[in-house]
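Letter 492 of the sequence shown, counting from 1, is numbered 491 in numbering that gives the first Met the number 0, and no numbers are missing.
Cβ atoms here follow ideal geometry from the backbone N, Cα and C, with glycine treated the same way.
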Amino acid sequence: MHDGESGEPPVTDDRRRTRHRDPQGRRAEGMDPERLRYFTQSADGSPHTRHRRRRTGPESADPAGRRPAPPPVPPAEQARPVPGTPRPRATPVRIPPGQTPAPPPAAPRPAPPDTDVTMARPPAPEPPVRRSRDDAYRDDGYRDDGYRAAPVRDRMRSTPAGYDPAGYEREHHSGESYDDAPYDPPADTARPVRDPAPAAPAPGRGVEEADDDWWAGVDDTESEQHTRRAPRRTRSRGKRRAVLALAIVFMLALITGVGYYGVRATGLLESRKDYTNAAGAGDVVVDIPDNSTLADFGRILVDADVVGSVRAFVDAAGGQPMSGGLYKMRTQIPATTAVEMLTDDGAEHRVGRVVIPPGLQLDSKTGIDGKVTPGIFQLIENATSVSINGQQEGVTVADLEKAAADATPEELGVPEWARQNVAAMTGDHRRIEGLIAPTTWERVEPEHTATQILREMISKSGAMFEQWGLLDRNNSGLQPYETLIAASIVEREVRHVEDAPKVARVIRNRLDRDQLLQMDSTQNYTADITNIDVHGEAYKNDNEWNTYRYKGLPPTPIAAVGVPALEAMLAPAPGGWLYFVTVDTAGTTLFANTFEDHKRNREVACRNKLVATGCSQ
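Structure, rendered in structure tokens:
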């Protein structure tokens, strides 16, 4: 019986959709196995896919709202199917919930030879125990998706000649069975399903076609999408709040910092504490870096507890310049007293500052006039000797001589180009002569050992010599260490810078001729009393530095070499001079190519009472 003929309301879209609900009208968590087979397997056991069949429009339906049966296929086309044409689909059979599925109908027997195959009908299946409206609706030729299926007679007419249904059944569906156990979906995939909102059918589509767009999991997907979007919006709001909070904190910190430094710049927050006892409480050595400002001085002194506050020290300094370095100070003294100790003209409170002039030697020398010239070792002792709260610090001359004589060239920081010569004179402290450059050494640490002090000074001096061109601009024709020795002779012989290249040429010419250098400076290097007028036994003094007795250069430099003397020896002036002599106290020097000319120049020195040896009068 068709829908509506029994007085019951027709099967509507909503009723079709509720076939996935439980008896109380709630949507079921899973699908019944029989219903699952209904949506996945046809009545005859052949697989199918419920694709939609589009209709051209509402006019294609009959007055009762059903699709008309397709026109019969001519017998000529039945025997030979068109390639690519899909096989007619079987009508699915719905199994009501709680019933055992009926066995598939038995295959029809083959018709006798004289029977018209096209008119043969398969035996009717046994009626179910209970028939529902949907069963009647389906038996009338309609599928559950709203489309009318082809009648059995039409399907039989479309069967090709020689088709054996029983053989097809055995070939494709033999041994198939279905488990009647209820379907239990996995716990992690089961989701509550809600009714989708009814949507109007698209233009040109029937009700059945629009309803066919719905599928069992569409509500689940929409619900999951909505569920995912909500936390996303929540996270976005949380991020915006976090960014806003960070911005507020940053602005507050910036305002606070600017305000603090602004107030500090005005001096409102600085302490003006100052001590009053000029004698102080104890001794301390402070190290103030070079190019420090008065505020830097003040902070270092405050940290050493010398003055009470930076503000008090800056006010007491009054803007006068100060030099960095090591200072022996007293703790807890007034700021004015600290300024006086730092700016004392005699530098009495300065510690570790050594000024080495060009031409100075390691050992102290006594002149013909009785004046003692302190050597480099003595200057280092004077600079590092300091008493801190009764404890003596610093090194002595004896400490320095021992370190210079016994330490290895590597321990002393001797450059590579001088190590062989220094190592050959181990045991003699004069082997490091000339390796300490003439400059101002601002920080010779009092607490360092003699070896540490010499290593620092020699290694830095070697770098200075190389920077002055000893290695890469040497045109003297000598090795670097030999060049330094010759330059030290120039340093001791010349009074005026312009004469240095000429003296360097004299040294170079005599070495080329294998002639004795006969330099007074080399003989005075080992003399107890230095004298510009060398005479008597001094000429005969037997030591390697006496160039009146030994040819060539002495074994070591004879003094600290400055930049002008080194540059002069690196590039001697062109000329043929072999002799030179200083003729007055002003340092005037005359040069000669021959010995006769040299004797005449020496007479000038005799007349000026500068020398007496070898004079005619």
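Asked: Cβ contact check for the stretch 525–535 and the stretch 502–509: 3 or more pairs under 8 Å; Found: no
Asked: Under the three-state DSSP convention, the category Q451 falls into; Found: helix
Asked: Proximity to D362 [Cα-Cα], best of V394, T335 and E432; Found: E432
Asked: Alpha-carbon spacing of V284 relative to E455, whole angstroms; Found: 20 Å
Asked: Under 7 Å between C-beta atoms of T439 and V371; Found: no
Asked: Beta-carbon spacing of S460, L434 below 7 Å; Found: yes
Asked: Opposing strand residues paired with W440 [DSSP bridges]; Found: V353
Asked: For Y578, the three-state DSSP class (helix, strand or coil); Found: strand
Asked: Whole-number beta carbon distance between A559 and V489, since they are thought to touch under 8 Å; Found: Actually they do not touch by this definition, with Cβ atoms about 12 Å apart.
Asked: Distance between H597 and V421 (C-alpha atoms, nearest Å); Found: 36 Å
Asked: Other residues of its chain near D398: CB distance less than 6 Å, five sequence neighbours each side excluded; Found: A449
Asked: Rounded distance between the beta-carbons of A334 and D273, thought under 8 Å; Found: 5 Å
Asked: T521 versus P500, T365, D302 and G551, residue with shortest Cα-Cα distance; Found: G551
Asked: The stretch 408–424 contacting the stretch 458–475, beta-carbon criterion three pairs below 8 Å; Found: yes
Asked: Buried or exposed (CB count within 10 angstroms, at least 16 for buried), K539; Found: exposed
Asked: N-terminal and C-terminal residue of the alpha helix (DSSP H) that D304 is part of; Found: It is not in any alpha helix (DSSP H) - D304 carries neither H nor E in the DSSP assignment.
Asked: E446 at chain B interface by Cβ criterion, 7 Å; Found: Of the protein chains in this structure there is only one, and it is not chain B.
Asked: Integer-rounded CB distance, given that R429 should sit under 8 Å from G351; Found: At roughly 25 Å, the Cβ-Cβ gap does not stay under 8 Å, so G351 and R429 are not in contact.
Asked: Collapsed DSSP secondary structure at A486 in the structure displayed; Found: helix
Asked: Given T336 as reference, the closest of V313, G358, P356 and I379 once Cα atoms are compared; Found: V313
Asked: Beta-carbon separation (whole angstroms), V306 vs G297, contact threshold 8 Å; Found: 7 Å
Asked: Cβ separation of G546 and L516, assumed to be a contact under 8 Å, to the nearest whole Å; Found: First, the amino acid is wrong: residue 546 is Thr here, not Gly. 4 Å between Cβ atoms; contact.
Asked: According to DSSP, residues forming a beta bridge with V284; Found: K327
Asked: Distance between I528 and F590 (C-alpha atoms, nearest Å); Found: 27 Å
Asked: Same chain, Cβ closer than 8 Å to I387, five either side skipped, listed in chain order; Found: D282, V283, V284 and K327
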